[in-house]
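Participant: The opening position of the sequence shown corresponds to residue 41 in my numbering, with each subsequent residue numbered one higher.
The beta-carbon is built from N, C-alpha and C at its ideal position, and this holds for glycine as well.
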Amino acid sequence: EQSEGEQPEGKIGSAPTWEPTNIKGMAISLCQLLQTWAVEDVKSFCCPFHAVLAAAKTTLNTMETYECAANFLPTKTKDPRHQCQYCGILQHVAQPRRLRGT
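#1: What did DSSP end up calling L130 once you bin it into helix, strand or coil?
#2: Between A96 and V82, which are expected to be in contact by the criterion C-beta below 8 Å, what is the C-beta distance as a whole number of angstroms?
#3: To the nearest angstrom, how far is the alpha carbon of E107 from that of T98?
#4: Assuming Q123 is part of the beta strand (DSSP E), what are its boundary residues?
#5: With DSSP collapsed to three states, give me the class of V79.
#6: Do you know how far the Cα of L93 is from the Cα of L100?
#7: Classify C87 as helix, strand or coil using the three-state DSSP reduction.
#8: Taking I68 as the reference, which of Q131, W77 and C127 has the closest Cα?
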C-alpha cells in the first residue's frame with residue numbers, strides 16, 4: 041500500500057529527481073532550439089523571433105494531444121547527466137571513448 045504523497049512505480053517522482061530548471065535556463069535553451077527552425081509567414085509578424093514563437097505555440101498545442109510518455113525525462117539513476125547549478129539545464133556528460141585495441 042502506498043503512503044500519502046507517494047507515487048506509483050514508473051510515474052514522475054518514483055526516482056530521484058533533478059532540481060527544476062529556472063525560467064532563464066528554459067528561455068535560453070528554447071531560443072537555441074528555435075533558432076534552428078525555418079518557419080512560414082515570417083513577413084506577417086513583426087520579427088522572425090515572434091514568427092518562430094507562434095510556430096512553437098502551435099507545435100506545443102499539437103503535442104499536448106499526444107499520448108503520455110512517463111519516461112520522457114531522464115532520471116538521476118539511469119542517465120549520466122550533469123545539471124548546471126545556476127540555471128538547472130541538464131547536460132550530457134562526456135564519456136571517454138575507448139581506444140582501439142583496448
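Facilitator: Result, derived from the coordinates:
#1: As a first step, residue 130 is located in the sequence shown; it is residue number 90 there, counting from the start. Three-state DSSP puts L130 in a strand.
#2: Residue 96 sits at position 56 when you count from the first residue of the sequence shown. Residue 82 sits at position 42 when you count from the first residue of the sequence shown. Rounded, the Cβ-Cβ distance is 14 Å, inconsistent with contact.
#3: Stepping through the sequence shown from its first residue, residue 107 is reached at position 67. Stepping through the sequence shown from its first residue, residue 98 is reached at position 58. Roughly 17 Å separates the two Cα atoms.
#4: Locating residue 123 in the sequence shown gives position 83, where the first residue counts as 1. For Q123, the enclosing beta strand (DSSP E) begins and ends at R121 to Q123.
#5: Looking up residue 79 in the sequence shown gives position 39. If DSSP states are grouped into helix, strand and coil, V79 belongs with coil.
#6: Counted from its first residue, the sequence shown places residue 100 at position 60. Counted from its first residue, the sequence shown places residue 93 at position 53. So the alpha carbons of these two residues sit roughly 10 Å apart.
#7: Position 47 of the sequence shown, counted from the start, is the residue given in the question as residue 87. Reduced to three states, the DSSP call for C87 is coil.
#8: As a position in the sequence shown, residue 68 is number 28, starting the count at 1. Ranking the options by Cα distance to I68, first place goes to C127.
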